[in-house]
Ligand code: HEM
């Protein structure tokens with residue numbers, strides 16, 4: 070049946086509206102299309118990330134965490150990459166952030182064919198999307214057009230949630246970044262891969278809340294295992310997988326949620342997500358559904374738009390580790 074003019078007009082308006090709503094915080098899909106002559110910026114980043122991933126798959130959790138820590142502190146402006154005496158990367162929550170060399174390699178590859186055009190902040194966002202896909206997660210479409218910030222101060226990392234943050238305080242922190250409690254629960258699925266250092270959850274094993282006892286909410290099998298990984302008087306700060314399902318601890322999937330429902334969360338915050346009435350039902354819904362990959366991607370896109378610099382703001386750094394003089 071032929072479409073009436075009214076219907077066609079309505080569809081056209083709908084299409085324009087859809088496209089407008091796709092622009093988040095001044096970012097857009099395909100921002101670099103046509104800006105680097107024949108070079109496909111996202112493909113260059115993807116190739117670099119892929120080569121690095123083949124050598125070391127743990128760059129996946131490293132970059133996902135880097136993106137989170139960048140976006141929450143001053144927005145997604147690559148401030149976490151800047152070197153300096155009192156820069157963000159010198160602050161305690163960032164001392165175990167890794168992957169700076171991967172971003173350097175991607176930046177060098179991009180600058181080699183298209184100098185001064187692609188921001189370090191976008192490279193983090195693109196590289197993170199790529200490692201999520203390489204680790205079995207969904208491949209979401211990343212928005213670009215971020216510019217790089219000029220400021221990086223250790224004290225600004227105070228906003229990053231502590232490993233024992235309460236659910237309500239974390240909801241408050243995420244809300245201050247424009248993210249809902251549901252976004253927070255999906256984004257906490259970042260813990261579907263990667264590790265945590267014993268020093269950040271050891272109190273739960275031996276002296277929870279100064280009781281001299283372990284955290285009573287922890288599954289006994291997990292407690293026994295984690296005490297082996299993290300002996301009380303160890304001199305080395307070992308690590309344990311955040312997703313305690315050993316067959317999926319390096320795969321981006323929803324098994325993390327099943328684990329925390331079984332009281333097998335390693336970080337206190339993760340365990341609380343499954344116990345707190347504010348987030349319990351969302352955790353259960355994610356554990357029982359098959360849309361985690363899609364929703365995680367959507368939440369990552371939303372996180373990637375926090376307080377971004379666009380247009381003439383900030384700059385496009387030549388080196389991700391220093392501002393242009
Ligand atoms: C919501 C509150 C959050 C808290 C309290 C939290 C806390 C932590 C802590 C304490 C670690 C272990 C760090 C270490 O031992 O070196 C960690 C690791 C990690 N976090 Fe989070 N995190 C949160 C949210 C997120 C979000 C939103 C993401 C990403 C979307 C994320 C991604 C990761 C990843 C991938 C790792 C593993 C890093 C690696 O293996 O190198 N986290 N997180």
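Numbering (the working numbering), first residue to last: 70 to 394. Every residue gets a Cβ at the ideal spot worked out from N, C-alpha and C, and that includes glycine.
With 16 as the cutoff for other CB atoms within 10 Å, does residue i come out buried or exposed?
i	result
residue 104	exposed
residue 339	buried
residue 161	exposed
residue 184	exposed
residue 137	buried
residue 193	buried
residue 317	buried
residue 119	exposed
residue 79	Confidence in residue 79 is poor, its pLDDT being 44 and thus under 50, which makes the residue's placement too unreliable to answer from.
residue 241	exposed
residue 290	exposed
residue 125	exposed
residue 255	buried
residue 102	exposed
residue 293	exposed
residue 278	exposed
residue 302	exposed
residue 221	buried
residue 304	exposed
residue 381	exposed
residue 123	exposed
residue 351	buried
residue 214	buried
residue 152	exposed
residue 146	buried
residue 154	exposed
residue 257	buried
residue 210	exposed
residue 239	buried
residue 227	exposed
residue 157	buried
residue 358	exposed
residue 244	exposed
Tell me the rounded alpha-carbon separation between residue i and residue j.
i	j	result
residue 361	residue 276	34 Å
residue 196	residue 188	12 Å
residue 323	residue 252	14 Å
residue 207	residue 330	23 Å
residue 106	residue 181	13 Å
residue 166	residue 365	21 Å
residue 90	residue 224	Per-residue confidence for residue 90 stands at a pLDDT of 39, beneath the threshold of 50, marking its modelled position as unreliable; no derived number is given.
residue 369	residue 140	10 Å
residue 325	residue 164	24 Å
residue 131	residue 170	11 Å
residue 310	residue 373	25 Å
residue 383	residue 349	40 Å
residue 328	residue 108	43 Å
residue 286	residue 175	43 Å
residue 346	residue 237	10 Å
residue 341	residue 296	20 Å
residue 356	residue 333	14 Å
residue 148	residue 116	24 Å
residue 379	residue 216	5 Å
residue 113	residue 264	28 Å
residue 375	residue 393	23 Å
residue 266	residue 307	6 Å
residue 97	residue 354	31 Å
residue 230	residue 386	28 Å
residue 201	residue 335	21 Å
residue 173	residue 282	45 Å
residue 390	residue 273	37 Å
Which residue or residues does DSSP assign as beta-bridge partners of residue i?
i	result
residue 217	384
residue 98	212
residue 378	216
residue 391	388
How is the alpha helix (DSSP H) around residue i delimited, first residue to last?
i	result
residue 308	Not the alpha helix (DSSP H): residue 308 falls in the beta strand (DSSP E), residues 308-310.
residue 138	128-141
residue 176	169-182
residue 350	349-356
residue 200	189-203
residue 120	110-124
residue 329	324-330
residue 362	361-372
residue 343	337-344
At 3 residues or longer, and completely inside the segment 242-292: list those beta strand (DSSP E) runs for me, N to C. Correct list: 264-266.
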